[in-house]
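Everything in the sequence shown is counted per our numbering, starting at 1 for the first residue and increasing by one.
Every residue, glycine too, gets a C-beta built ideally from N, C-alpha and C.
The structure appears below as structure tokens.
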Amino acid sequence: MRVATQRDLIAVGFADIERAERFLKARELESVSREDLLEALSYCADPDSALLLLVRIAEREPKVLKLIAQGDRSIPLFRVLGASEALGEFLVRQPRYLSIVDTDPQATFRAREAAELTRELLESVGADPDAERPVATIVGTEGIVALRVKYRALLLDLAMRDLCCADPEVAFPLVAAELADLAGAAISAGLALARAEVITKTSPEAVDALRLAVIGMGKCGARELNYISDVDVIYVHAVRDGLKDDGAAHLDADAAAKMAAQLATLTARAMNASAPEPGLWELDANLRPEGKDGALSRTLDSHVAYYKRWAETWEFQALLKARYLAGDAELGAAYEEAVAPMIWVSSERDGFVESTQAMRRRVTDNIPAAEVNRQIKLGPGGLRDVEFTVQLLQLVHGRTEESLRVRNTLTAIDELAEAGYMSRADAANFGGAYRYLRVLEHRIQLTRLRRTHLMPTKPDAMRTIARASQGLGVPGWISTDEMLTRWQATKREVRGLHEKIFYRPLLATAANLSADEIRLTPEAAQARLKALGYADPKGAMRHIESLTSGVSRRSALQRQLLPILLGWIAEGVDPDAGLLGFRRLSEALGDSHWFLGMLRDSPAGAQRLCTILSSSRFITDLLEVSPESAAWLGNDADLEPQPFDKLWSEISSKLGRHKDHEKRLRLIRLIRRRELLRIALADSARLIDQDEVGKALSDVDRAAVLGILRVAEQEEYSQSEKITELLIVAMGRQGGREIGYGSDVDVMYVHRPLPDVDEQEAQQQALRIVGNVQHYVNIPLKPAILAEPKLEVDADLRPEGRQGPLVRTLDAYREYYSRWSGVWETQALLRARPLGGSDDVANEFFELVDSVRYASAITPSDVVEIRRIKARVEAERMPRGADPSRQLKLGRGGLSDVEWLVQSLQLIHTKTYPSLRTTSTRAALKALKDAELLPAADVEVLDHAWVLATRIRCANIIVSGRASDQLPRNIRDMEAAARWCGYASGNAAKLEDDYLKSARRARVVFEKHFYADE
């Protein structure tokens, strides 16, 4: 006997040559011709595993070695051993089933009939296949083992035929259908075991009186099941008609429901409970009405009543796959007939769009980052992309097109092509991609019969998958690189086909495209747009027509890109507004090369643009009047907020080049509008956090106010001599550099007359300057500055409020704070900082301010006064009719609560703890925690509530373009706010719940510490 050389072993495909040599010398294989054995092993996807399994089988059943000398007749055995370690282990446990693989390989896959599979599995547990309600005679653990062993024997037979066929992709539909039939047969046998056990606790007549049907859902219902997968089911029961009320056979409604639940539970246990033979798969009934909280089985009337009154849209979508699987066939058929009409009108139900979007999110959501590129099923271009596209098209068009009312994905693709909803070429490519991905999925699962959809990472494992997915008779083995190349190409093709199949026909309806494009009727196109979330599909079609009509370069590129862009726009909160905004932006930019280039070459920038246009009125309005700013979206560096020094340098430079004060004001306000847009875009792209947003917005407003101050000063000094120096002091949230979009700029004005001038004249000059500042920030300009966010400069925090002079001298401030100021004015000074003007005046003024706000702790009477003022603010300033729990600023646990608590503690402790001397609320909170003046847990509660309320306030103006201090009530506004706050799509209710919970907790902390000694 010739000894196998290492070259021989490498040629066969062994990865571990040393181990292969050792096993080839095993005594169990001494009688086998090495040439015949190596020839047989050359058919294995994984000869290393196959050889080990062969040795172990031969140890149990030496007759297996006779197959090796029979030429082609040995191929089925080795195809199985090389592709499925799990089925090889089964043969080690059950060598009597070697007869299954003792056969000639068949190039054409021939499926077995469902009835035949059911008969064999029922007989395995001693049940009569011809009985109306079969009952097992081999029961208990023995029956469960018998069922599982027979199931695996039939699975072995199926896998052998699959692995030996010439083209697994052609065979796939038959393989998947037989897997579903085999699951149904196993459930029938499990139900027979369940009946036998329940009979021991009741009576044969009682069990016979109950009709129970098992409805297959998901892939099992569609007859496209995997080798290993949860089997989704729904149970429906009834009591057999015509029974005599003889006690034993009589079942009332409660007893019938209880028995049905028992049968369902015992059937599931037969599939997967612990036993000497490993479990098959989980029988999952969570798609039933009310899910895990609902009854395990219901009557048909109960099912129908639930679907008519309570069911959510996704439940009708799940019913698209519903099919009788096991048990009472007549009852199963009645269930199918009862629910079918409801499926095809689900696209008209409220919430269909949201449910559709949820379906879309499930394609890619919750995939660990490390697994995205390994996913066969859930990743981009995976199986879910195909299934989502097909099911959505069925739901949208199946209402009027009965031919689309099919369960199976590949059948649905064929019917969609036949009905004209996708081209035959696209259908062929889509179906081919689906077949290939499913074959890869099957080969991955076959290895160990484990539920997985991930491409392995080890080279040897990937090589096994590549070789196992190849048909028998194809010369040579496909390499791992070749498989991975085809897989990646298939994923790209699926993504492209999803966009082409779903969105491209919308363009064909509105534009003159090539003759081979699928053309939808206007009604069908509008139905498709409505399913995507467009509330005005007719209007959307007009926008599409406007964007794609004509022969210009822009129109041609729009026809190419819109299939993708329409999907991105549809993912926003308001697709109609998004598409309108995109149309206006495109019209404004015309054939601008950079805009078309960004859409074509920068997917990230284009997707950002689409998301913004369909989610933010504030940003969309700014983009429409500053369309060139859309270029920033393609480059993160362009979105970085400009620092104050750079902004002030630009404003100073432009003021120096212009003398006309109206032009100068226009330039300042245009720069402010531009920078607000830049900050909002950076915020939308998650490039900056809320703290950075507040600082950036504060810097922009500061630069604008100082620019306007310079204009006002120069205008005054051009007419009269300068006789006083001015200082603008930032107060409130501007002082803390934590403003939001649309916040006022709270200020105080200070001036110091120059030496030897008349103080009254200096006061008049200061009043003229600050009066012009107040006027110029919002003076109407001609032409108007479109979409300009209004800038309000508010001086109401000055001494004596609105009753006091708009500007005071530094000496007047000194006298006022020493003689008349109240504790609330001291509190207001906690957030004071220089905004701009004279540095000398700033230094002197803030020496005074620090002596007031930091010099000494407030008295107990001051604390009482602060509490009184806070109560008055809550009572008098709360908007009439507002719900305090939803008021972001003045409501319970809102911004005011956090800020008043922080500031009261600053006033009490700032003399002792210099770290509290900050104008920032969040910095002060951290200092209070570090000084152990507030517990860390309480600080965390306050900080979270403050940030969330601030974020929602920003979201309100971003979404609608209007400032609001209310937590939104409208579901669309709440959804938009949730997304702006970083929540995943569909989490509007979660944001509402999170805010209300956060505010309640913050209020508890506020009351505990603000009223600590009461």
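Q. What is the rounded straight-line gap between the Cα of residue 245 and the Cα of residue 179?
A. Since pLDDT at residue 245 reaches only 49, below the 50 mark, its modelled position is unreliable, and the value read off the structure follows with that caveat. The alpha-carbon atoms of residue 245 and residue 179 are separated by roughly 42 Å.
Q | Option nearest residue 1013 by Cα separation, candidates 67, 861, 491 | A | 861
Q: Taking 8 Å as the cut-off, decide whether the C-beta atoms of residue 765 and residue 716 are in contact.
A: yes
Q: Provide the residue span of the beta strand (DSSP E) that contains residue 834, from first to last.
A: 833-837
Q: Could you tell me which of 1002, 863, 106 sits nearest to residue 168, measuring between CA atoms?
A: 106
Q.
Contact defined as beta carbons within less than 8 Å: I believe residue 231 pairs with residue 284. What is the distance between those atoms, to the nearest angstrom?
A. 7 Å
(Q) If I follow the unbroken alpha helix (DSSP H) through residue 178, where does it start and stop? (A) 168-199
**Q.** Opening and closing residue of the beta strand (DSSP E) in which residue 297 lies
**A.** 297-299
Q) How many Å lie between residue 197 and residue 282 at the Cα? A) 20 Å
Q. Which residue's Cα is closest to the Cα of residue 269: 388, 145, 759?
A. 145
Q. Is it buried or exposed for residue 491, if we count other Cβ within 10 angstroms and need 16 for buried?
A. buried
Q.
Check for me: the alpha helix (DSSP H) holding residue 563 runs from which residue to which?
A. 553-570
Q. Bridge partners of residue 327, per DSSP?
A. 213
Q: Confirm, please, whether the CB-CB distance from residue 87 to residue 37 is below 8 Å.
A: no
Q | Residue environment, residue 871, which counts as buried when at least 16 other CB atoms sit within 10 Å | A | exposed
Q.
How far does the beta strand (DSSP E) with residue 753 in it extend, from its first residue to its last?
A. 745-753
Q) Excluding five sequence neighbours on each side, which residues of the same chain lie with their C-beta closer than 6 Å to the C-beta of residue 344? A) 398, 399
Q: Run the CB neighbour count on residue 775, radius 10 Å, all protein chains shown included, and call it buried at 16 or more, exposed below.
A: exposed
Q. Would the region 113-131 and the region 181-191 be scored as touching if the rule is three or more Cβ pairs under 8 Å?
A. yes
(Q) Could you compute how far the alpha carbon of residue 480 sits from the alpha carbon of residue 459? (A) 8 Å
**Q.** residue 991 (DSSP reduced to helix, strand or coil)
**A.** helix
(Q) For a test of the three-state rule: what should DSSP assign to residue 827, helix, strand or coil? (A) helix
(Q) Tell me which residues share the same chain as residue 600 and place their Cβ nearer than 7 Å to its Cβ, disregarding the 5 neighbours each side in the sequence. (A) 557, 561
Q: Along the alpha helix (DSSP H) that carries residue 123, what are the first and last residues, could you check?
A: 114-124
Q. For residue 387, which residues from the same chain have a beta carbon less than 7 Å from its beta carbon, with the 5 sequence-adjacent residues on both sides left out?
A. 409
Q: Sort 421, 771, 729 by Cα distance to residue 797 and report the nearest one.
A: 729
Q) How long is the line joining the alpha carbons of residue 513 and residue 537, rounded to whole angstroms? A) Unreliable placement is indicated for residue 513, whose pLDDT of 44 sits below 50; the coordinate value is still reported in the next sentence. Straight-line Cα distance between these residues: approximately 20 Å.
Q. Thinking C-alpha only, which one of 918, 545, 430, 805 is nearest residue 501?
A. 430
Q | Coarse secondary structure for residue 973, derived from DSSP in three states | A | helix
Q: Decide if residue 710 is buried, meaning its Cβ has at least 16 other Cβ atoms within 10 Å, or exposed.
A: buried
**Q.** Identity of the residue in 779, 804, 783 nearest residue 792 by Cα
**A.** 779
Q) Buried or exposed: which applies to residue 905, given that a residue is buried once 16 or more other Cβ atoms fall within 10 Å of its Cβ? A) buried
Q | Alpha-carbon to alpha-carbon, residue 783 and residue 937 | A | 54 Å
Q. Count the other CB atoms within 10 Å of the CB of residue 756; is the residue buried (16 or more) or exposed (fewer)?
A. exposed
Q: Pull up the distance between the alpha-carbon of residue 9 and that of residue 985, whole angstroms please.
A: 55 Å
Q. Under a three-way DSSP split, which group does residue 647 fall into?
A. helix
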